[in-house]
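Each protein sequence line maps, in turn, to chains A and B. Heads up: the first sequence runs through residues 1 to 419, numbered per UniProt numbering. Heads up: the second sequence runs through residues 1 to 419, numbered per UniProt numbering. Remarks on the structure that follows.
There are 2 protein chains.
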Amino acid sequence: MTRWTLPPEQIPSAWFNVVPHLPSPSQPPLHPGTREPVGPDDLAPLFPMSLIEQEVSDEPWIDVPGEVLDILKLWRPTPLQRARRLEQALGTPARIYYKDESVSPSGSHKTNTAVAQAFYNAGEGTKRLTTETGAGQWGTALAFAAAQFGLDLKVYMVRASYGQKPYRRIAIETWGGEVVPSPVDEPDQPGSLGSAISDAVRDCVGRDDTHYALGSVLNHVLLHQTVIGLEAREQLGQAGEGLPDVVVGSCGGGSNLGGITFPFVPDAGVRLVAVEPLSCPTLTQGRYDYDFGDVGGLTPLLPMYTLGHDFVPPSIHAGGLRYHGSSPLVSSLVKDGRMEATAYPQGKVFEAAVRFARTEGRIPAPECGHAVAAAIDEALAAKETGAEKVILFNFSGHGFLDLAAYDDHNHGRLTDEMG
Amino acid sequence: MTRWTLPPEQIPSAWFNVVPHLPSPSQPPLHPGTREPVGPDDLAPLFPMSLIEQEVSDEPWIDVPGEVLDILKLWRPTPLQRARRLEQALGTPARIYYKDESVSPSGSHKTNTAVAQAFYNAGEGTKRLTTETGAGQWGTALAFAAAQFGLDLKVYMVRASYGQKPYRRIAIETWGGEVVPSPVDEPDQPGSLGSAISDAVRDCVGRDDTHYALGSVLNHVLLHQTVIGLEAREQLGQAGEGLPDVVVGSCGGGSNLGGITFPFVPDAGVRLVAVEPLSCPTLTQGRYDYDFGDVGGLTPLLPMYTLGHDFVPPSIHAGGLRYHGSSPLVSSLVKDGRMEATAYPQGKVFEAAVRFARTEGRIPAPECGHAVAAAIDEALAAKETGAEKVILFNFSGHGFLDLAAYDDHNHGRLTDEMG
Chain A
1 MTRWTLPPEQ IPSAWFNVVP HLPSPSQPPL HPGTREPVGP DDLAPLFPMS LIEQEVSDEP
61 WIDVPGEVLD ILKLWRPTPL QRARRLEQAL GTPARIYYKD ESVSPSGSHK TNTAVAQAFY
121 NAGEGTKRLT TETGAGQWGT ALAFAAAQFG LDLKVYMVRA SYGQKPYRRI AIETWGGEVV
181 PSPVDEPDQP GSLGSAISDA VRDCVGRDDT HYALGSVLNH VLLHQTVIGL EAREQLGQAG
241 EGLPDVVVGS CGGGSNLGGI TFPFVPDAGV RLVAVEPLSC PTLTQGRYDY DFGDVGGLTP
301 LLPMYTLGHD FVPPSIHAGG LRYHGSSPLV SSLVKDGRME ATAYPQGKVF EAAVRFARTE
361 GRIPAPECGH AVAAAIDEAL AAKETGAEKV ILFNFSGHGF LDLAAYDDHN HGRLTDEMG
Chain B
1 MTRWTLPPEQ IPSAWFNVVP HLPSPSQPPL HPGTREPVGP DDLAPLFPMS LIEQEVSDEP
61 WIDVPGEVLD ILKLWRPTPL QRARRLEQAL GTPARIYYKD ESVSPSGSHK TNTAVAQAFY
121 NAGEGTKRLT TETGAGQWGT ALAFAAAQFG LDLKVYMVRA SYGQKPYRRI AIETWGGEVV
181 PSPVDEPDQP GSLGSAISDA VRDCVGRDDT HYALGSVLNH VLLHQTVIGL EAREQLGQAG
241 EGLPDVVVGS CGGGSNLGGI TFPFVPDAGV RLVAVEPLSC PTLTQGRYDY DFGDVGGLTP
301 LLPMYTLGHD FVPPSIHAGG LRYHGSSPLV SSLVKDGRME ATAYPQGKVF EAAVRFARTE
361 GRIPAPECGH AVAAAIDEAL AAKETGAEKV ILFNFSGHGF LDLAAYDDHN HGRLTDEMG
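And the structure:
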């Protein structure tokens with residue numbers, strides 16, 4: 001066997017909340033003006049109350065609404081695959097498993113939280129959503145989800161990606177969303193996730209019918225992604241494995257990483273590895289501090305690893321990982337030594353991604369390529385020692401909408417410091 | 001339930017051969033010079049002997065080799081989905097099911113035969129393959145399969161698509177294939193599948209290490225696609241349905257159509273519907289006759305519906321359906337009244353495709369959009385009569401690599417006679 005599926009009724013019926021399992025208590029976000037902990041009322045202009053409750057919850061499990069399950073069933077549970085052909089090509093004794101989130105309608109894990117956020121907003125009367133998107137994985141996912149609940153959507157797309165990745169812009173429009181390049185007021189700037197968040201928050205705050213939706217970083221977003229790790233745990237059991245030795249995920253804001261790793265946090269023997277781009281090394285070279293989530297300083301101050309909220313990373317192809325900060329939950333785990341972090345240069349990521357495509361078939365998104373590269377290195381390390389290690393990584397999204405990046409790689413036009 | 005999966009061990013272990021079930025005996029291909037039936041030796045410069053044997057076989061079942069199953073298991077069995085959200089949007093009493101072939105590594109059904117053809121070629125010592133591709137679904141599928149068996153690959157891509165669809169060219173290169181626009185000798189011509197076949201056959205015939213691979217039309221190609229219909233039959237049973245009332249597939253050369261419909265040919269009560277583009281109306285307006293498979297007149301003469309081998313269809317976005325002929329097996333079924341044929345204009349196809357994307361989530365390839373449009377019309381007809389009809393169609397591929405076409409549609413730049 002190389003592939004484990006589960007029937008639709010085995011989609012997890014509750015999300016896993018990592019907060020009670022953190023080594024040290026989580027610190028609250030602070031109000032940007034008063035520097036006091038923010039309360040629900042401070043967040044109400046941005047989010048519906050049910051998401052705010054999830055954001056501050058310390059309940060160990062939170063039920064997934066039936067209406068959300070009904071939509072997740074369009075593609076979930078996703079398959080767990082054993083990468084036997086890659087193992088053979090590497091000559092490793094390790095067993096490599098990947099959870100394939102690329103089979104969602106929008107092609108990445110982002111759809112998991114997009115559906116939940118659209119559901120709660122629609123239920124509380126929101127008519128319109130605003131959001132940011134980097135490479136476009138989040139924007140496409142939310143466009144799909146908004147269409148399911150009849151919500152209008154405006155997407156502020158990081159200008160560097162808006163030019164580089166027209167296909168994701170078109171996909172958003174095909175699902176009915178509106179897309180504009182960001183920063184809206186500075187047409188010469190390539191932008192970043194931080195500046196696009198500022199644009200989307202500004203658009204939202206002034207309008208009663210509008211809420212804002214974030215595709216990563218916040219607790220409730222990572223919560224919705226834990227279906228990935230919960231399913232993978234079940235499927236590893238089906239495959240006859242116990243716990244994995246190591247779980248690997250790429251990390252920008254932290255959502256696919258949190259999704260695959262959080263359900264393994266209580267298992268002390270399982271190593272957890274975050275993989276980020278060397279050009280935006282938040283966890284490996286940033287400082288742990290309170291900082292704004294956006295460039296404009298409009299969001300609450302979050303306790304996290306950060307490169308500074310005014311840091312503008314180079315225009316690498318993994319646009320979804322170009323974020324100055326990281327999820328407070330991921331940051332807390334890294335700070336306390338429960339999670340490791342490593343950084344990869346772009347060239348090495350694409351070499352690994354092509355190797356994966358030619359053995360396992362699927363072409364990874366550049367973001368996802370970071371996890372592929374680190375999983376390959378774990379397998380090669382196991383070859384050195386002869387250890388029959390079990391490696392699990394999250395195949396967070398396919399690269400069909402990122403092929404311009406592969407064209408650069410295939411024809412030698414890609415550098416580690418892509419401008 | 002809205003989704004039925006099968007475990008990997010339930011991939012069909014034998015292909016279904018429709019030849020013994022044809023209403024009238026199949027007619028042989030003729031040698032282009034002598035006009036006598038071609039023998040195995042005539043085809044040997046092009047194909048390995050095991051594929052030639054399959055081409056002329058009248059055995060009812062042909063075993064799928066274990067090595068082929070091992071690769072198909074990377075994504076098969078594919079899910080059968082019930083399109084409940086589309087049904088609700090249409091207000092139809094019909095139950096619409098679609099077989100989702102878009103989950104393959106290259107994103108379409110083409111991978112099913114690509115793996116089999118690469119396997120048989122590698123087994124008989126072929127080192128290099130040549131082929132044609134239209135929109136690029138076939139070229140990407142064969143590039144993936146060739147990489148699995150270490151075969152070199154040269155793809156002659158219809159020039160209209162080469163310019164319109166750079167992403168599929170890049171995907172082929174990422175899997176290790178070489179791509180050139182066709183016709184190679186006429187750089188001002190948009191080309192067609194027929195001219196690209198001529199280029200690929202010419203390249204093959206002169207070289208001992210090289211064979212040619214065709215992505216549709218021929219008996220052995222359609223044979224390899226019957227895993228689609230065989231799985232769907234099993235999954236409809238799981239869903240509590242008996243036989244479907246109607247099975248719908250889009251038709252260019254006929255391979256995805258044959259794949260989903262052939263296993264239902266013996267079931268007299270099941271309607272079978274081929275959907276083709278109005279701009280290339282082979283089955284609905286062509287003549288049934290012997291004709292060449294290619295523009296250059298290099299291939300054997302095939303008994304089929306044809307618009308004439310020198311017919312150059314307009315550059316519609318469904319490049320995979322721009323073929324002057326049709327599979328002899330499909331043609332025979334249409335001629336004898338066992339299969340219906342209908343033709344759709346491009347604008348109506350994209351309207352249906354967007355409707356599908358906004359309800360069911362997945363964005364269809366333009367080729368696949370033809371089947372979506374006809375399935376919707378079947379469901380609307382059922383609404384008129386109140387019939388609780390069961391409709392099955394083949395979701396043959398996703399449109400992530402065809403989004404430029406959606407951009408034209410979304411912004412009103414697409415016409416029914418796209419030049």
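The beta-carbon is built from N, C-alpha and C at its ideal position, and this holds for glycine as well.
Closer than 8 Å to chain A by CB, residue i
i, result
"Gly215 (chain B)", "no"
"Pro105 (chain B)", "yes"
"Ala357 (chain B)", "yes"
"residue 429 (chain B)", "It is not possible to answer for residue 429 (chain B), since the shown part of chain B is limited to 1 through 419."
"Leu80 (chain B)", "no"
"Val354 (chain B)", "yes"
"Pro7 (chain B)", "yes"
"Arg3 (chain B)", "yes"
"Leu278 (chain B)", "no"
"Leu74 (chain B)", "yes"
Cβ of residue i within 8 Å of any chain B Cβ
i, result
"Leu392 (chain A)", "no"
"Met339 (chain A)", "no"
"Met418 (chain A)", "The predicted model places Met418 (chain A) with a pLDDT of 45, which falls under 50 and marks its position as unreliable; any figure quoted below should be read in that light. For Met418 (chain A), the answer is no, since every Cβ of chain B falls outside 8 Å of its Cβ."
"Ile228 (chain A)", "no"
"Ile363 (chain A)", "yes"
Neighbourhood of residue i by C-beta distance below 7 Å, restricted to the same chain and skipping five residues each side
i, result
"Gly419 (chain B)", "Note that Gly419 (chain B) scores 36 on pLDDT, short of 50, meaning its location in the model is unreliable; the coordinates nonetheless yield the value given after this. These residues qualify, in order along the chain: Pro314 and Ser315."
"Ala114 (chain A)", "Ala141, Leu142, Phe144 and Ala145"
"Val205 (chain B)", "Pro45"
"His31 (chain A)", "Val38, Asp42 and Pro300"
"residue 421 (chain B)", "The shown model of chain B, from 1 to 419, leaves out residue 421 (chain B), and the question about it has no answer."
Sub-8 Å separation of residue i and residue j beta-carbons
i, j, result
"Gly397 (chain A)", "Gln137 (chain A)", "yes"
"Gly139 (chain A)", "Gly177 (chain A)", "yes"
"Trp15 (chain A)", "Trp75 (chain A)", "no"
"Lys154 (chain A)", "Asp188 (chain A)", "no"
"Phe350 (chain B)", "His411 (chain B)", "no"
"Arg95 (chain A)", "Val372 (chain A)", "no"
"Pro266 (chain A)", "His21 (chain A)", "yes"
"Lys296 (chain B)", "Gly325 (chain B)", "Here the sequence assigns Gly to residue 296 (chain B), which means Lys is not the residue at that position. Taking 8 Å as the Cβ cut-off, Gly296 (chain B) and Gly325 (chain B) do not qualify as a contacting pair."
"Ser57 (chain B)", "Glu132 (chain B)", "no"
"Met157 (chain A)", "Val184 (chain A)", "no"
"Thr111 (chain B)", "Ala200 (chain B)", "no"
Own chain residues within Cβ distance below 6 Å of residue i, not counting five before or after
i, result
"Trp175 (chain A)", "Ala143, Phe144 and Ala147"
"Leu236 (chain B)", "none"
"Leu401 (chain A)", "Tyr167 and Arg168"
"Glu378 (chain A)", "Val246 and Ile391"
"Gln238 (chain A)", "Trp4"
Within chain C, the residues that residue i reaches when beta carbons sit closer than 8 Å
i, result
"Thr113 (chain A)", "Annotation note: the requested chain C is absent from the structure, which comprises protein chains A and B."
Own chain residues within Cβ distance below 8 Å of residue i, not counting five before or after
i, result
"residue 424 (chain A)", "Since the first residue of chain A shown is 1 and the last is 419, residue 424 (chain A) is not available in this structure."
"Gln10 (chain B)", "Pro77, Glu231 and Glu234"
"Glu36 (chain A)", "Leu30"
Measuring CB atoms only, is the stretch 110-124 of chain B touching the stretch 268-275 of chain B, in the sense that at least three cross pairs come out at less than 8 Å?
no
Against chain A, which members of the stretch 125-149 of chain B pass a CB distance test of less than 7 Å?
Phe144 and Ala147
Identify each residue in the stretch 397-409 of chain B for which the Cβ-Cβ distance to at least one residue of chain A is less than 7 Å, and report them in chain order.
Phe400, Leu401, Leu403, Tyr406 and Asp407
Taking any Cβ of chain B, which residues in the stretch 156-180 of chain A have a Cβ under 8 Å from it, in chain order?
Pro166, Tyr167, Ile170, Ala171, Glu173, Thr174, Trp175 and Gly176
For the stretch 46-59 of chain A against the stretch 201-216 of chain A, are there 3 or more C-beta pairs whose distance is under 8 Å?
yes
Taking 8 Å as the cut-off, does the stretch 277-288 of chain B touch the stretch 298-314 of chain B (at least 3 CB pairs, one atom from each stretch)?
yes
For the stretch 147-164 of chain B against the stretch 85-95 of chain B, do three or more pairs of beta-carbon atoms, one drawn from each stretch, fall closer than 8 Å, so that the two count as touching?
no
For the 8 Å Cβ check, are there 3 or more pairs between the stretch 328-338 of chain B and the stretch 362-379 of chain B?
no
Three CB pairs or more closer than 8 Å across the stretch 248-266 of chain B and the stretch 386-396 of chain B:
yes
Using 8 Å as the threshold, is the stretch 67-81 of chain B in touch with the stretch 225-245 of chain B, meaning 3 or more CB pairs across them?
yes
Would you check if the stretch 261-273 of chain A and the stretch 288-304 of chain A touch, i.e. whether three or more CB-CB distances between them fall below 8 Å?
no
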